[in-house]
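Protein sequences appear in the order of chains S and R. Be aware that the first sequence starts at 1, since it is given in this note's numbering, and climbs by one per residue. Be aware that the second sequence starts at 1, since it is given in this note's numbering, and climbs by one per residue. A short write-up of the structure that comes next.
Protein chains: 2
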Amino acid sequence: MRTFSPEQIAAAKAHTAHTPPDDIDPKIEALVNDLIGRVADKWTMLILEVLAEHGQMRFTQLGRLVGGISQKMLTQTLRLMERDGLVTRTVHPVVPPKVEYELTDLGLTLGAAFCGVWIWATENIDRIEQARRDFDHKATP
Amino acid sequence: MRTFSPEQIAAAKAHTAHTPPDDIDPKIEALVNDLIGRVADKWTMLILEVLAEHGQMRFTQLGRLVGGISQKMLTQTLRLMERDGLVTRTVHPVVPPKVEYELTDLGLTLGAAFCGVWIWATENIDRIEQARRDFDHKATP
DNA sequence: TGCCATACATACCAAAAGGAGAGTATCACC
DNA sequence: GGTGATACTCTCCTTTTGGTATGTATGGCA
Chain S
1 MRTFSPEQIA AAKAHTAHTP PDDIDPKIEA LVNDLIGRVA DKWTMLILEV LAEHGQMRFT
61 QLGRLVGGIS QKMLTQTLRL MERDGLVTRT VHPVVPPKVE YELTDLGLTL GAAFCGVWIW
121 ATENIDRIEQ ARRDFDHKAT P
Chain R
1 MRTFSPEQIA AAKAHTAHTP PDDIDPKIEA LVNDLIGRVA DKWTMLILEV LAEHGQMRFT
61 QLGRLVGGIS QKMLTQTLRL MERDGLVTRT VHPVVPPKVE YELTDLGLTL GAAFCGVWIW
121 ATENIDRIEQ ARRDFDHKAT P
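Below, the structure written as structure tokens:
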């Protein structure tokens, strides 16, 4: 995980920098909220991470590396990601079947964007666990 | 939405820059994955956004601004966010009750981290909708 | 003497998510 | 002729999620 090149991270930061985000079109906003809901999904994020780390990969291997994902969820999530243009799916017509998945440019930039959240989580996990302990302690003294 | 100060964004970017993310402690990784699953939730993100935009706010008003959220989900999500140390909850012992919610520093930095994803979504929504149209077109010609 | 406002808690119910397991197609290999 | 490998799909079932509707406490106000 967290394996985005410095160039990718720099690109993401450049985006963040040059956009003064102050539009409030309600229609766009709804679309964006939906999109975020779609993309901020557990399996989507984990698959994104594995593909960013390992590049092109086959179905079963991908499932192993993600860990704890059922075939159903893996297929489903990969299809949605393909539909959104985040991954490419190339079928090699051989027997036994061989299908390879790889991130598109769009997928890579999304991975870079999520990188900030991932870093936030790794950096603040201690504070959050402490906050939880405090909260639970106050609740049940 | 998208109302983080330039300083916050700069801080988030600084984080992204100085951290060479190459640890692979499996225990930490699991914790981080859980945390992300917790935090990358639809209502959490929307509440975060509203609080970042408007600062301190009361329960009912917050619900109105988030839009489309039930009382149950609002209470539930706010409790979880409070437990994680993302918001403070101050009860004014008056009648009728008055409770105010406000982001903590931790909440603000999380908002800043998500900012990149939000910007990614707004910038790429057209490409994604196009990708979806292409995909659906190929599926049903 | 009601009635209202606020910030919940609680109970019930419908819908959706997601896991387990079996089935399928095809060819190579033993 | 039977077995195995791969990438699925399909069905059944359980768990989770989330909405609605209702209850509650309290004091000011008409």
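Glycine included, C-beta positions come from ideal geometry on N, C-alpha and C. The structure presented is a predicted model; accordingly, all values stated were derived computationally and were not measured.
Below-8 Å beta-carbon distance, residue i vs any chain R residue
i                      : result
residue 27 of chain S  : no
residue 42 of chain S  : yes
residue 222 of chain S : With chain S covering 1 to 141 only, the question about residue 222 of chain S has no answer from this structure.
residue 137 of chain S : no
residue 60 of chain S  : no
residue 57 of chain S  : no
Residue-chain proximity (residue i, chain S), Cβ-Cβ < 8 Å
i                      : result
residue 75 of chain R  : no
residue 53 of chain R  : no
residue 32 of chain R  : yes
residue 37 of chain R  : yes
residue 78 of chain R  : no
residue 85 of chain R  : yes
residue 142 of chain R : The structure shown does not extend to residue 142 of chain R, since chain R spans only 1 to 141, so no value can be given for it.
Helix, strand or coil at residue i [DSSP, three-state]
i                      : result
residue 99 of chain S  : strand
residue 104 of chain S : coil
residue 94 of chain R  : coil
residue 23 of chain R  : Low confidence applies here, because residue 23 of chain R scores a pLDDT of 49, under 50, leaving its location unreliable; read the following figure in that light. If DSSP states are grouped into helix, strand and coil, residue 23 of chain R belongs with coil.
residue 116 of chain R : helix
residue 84 of chain S  : coil
residue 68 of chain S  : coil
Host alpha helix (DSSP H) of residue i (start-end)
i                     : result
residue 56 of chain R : First-last for residue 56 of chain R: undefined, no H or E at that position.
residue 36 of chain S : 26 to 39
Sheet register partners of residue i (DSSP bridge)
i                     : result
residue 89 of chain R : R/101
Discussion item. Below 8 Å, how does it come out for the stretch 38 to 50 of chain S and the stretch 106 to 117 of chain S: are there three or more Cβ pairs, yes or no?
Written reply: yes
Worksheet item: Pairing CB atoms from the stretch 69 to 87 of chain S with CB atoms from the stretch 70 to 80 of chain R, are three or more of them under 8 Å?
Response: no
Practice prompt. Check whether the stretch 118 to 135 of chain R touches the stretch 23 to 33 of chain R, counting contact only when three or more Cβ pairs, one atom from each stretch, lie closer than 8 Å.
Written response: no
Discussion item. Does the contact criterion of 3 or more C-beta pairs under 8 Å hold for the stretch 87 to 99 of chain S versus the stretch 33 to 45 of chain S?
Written reply: no
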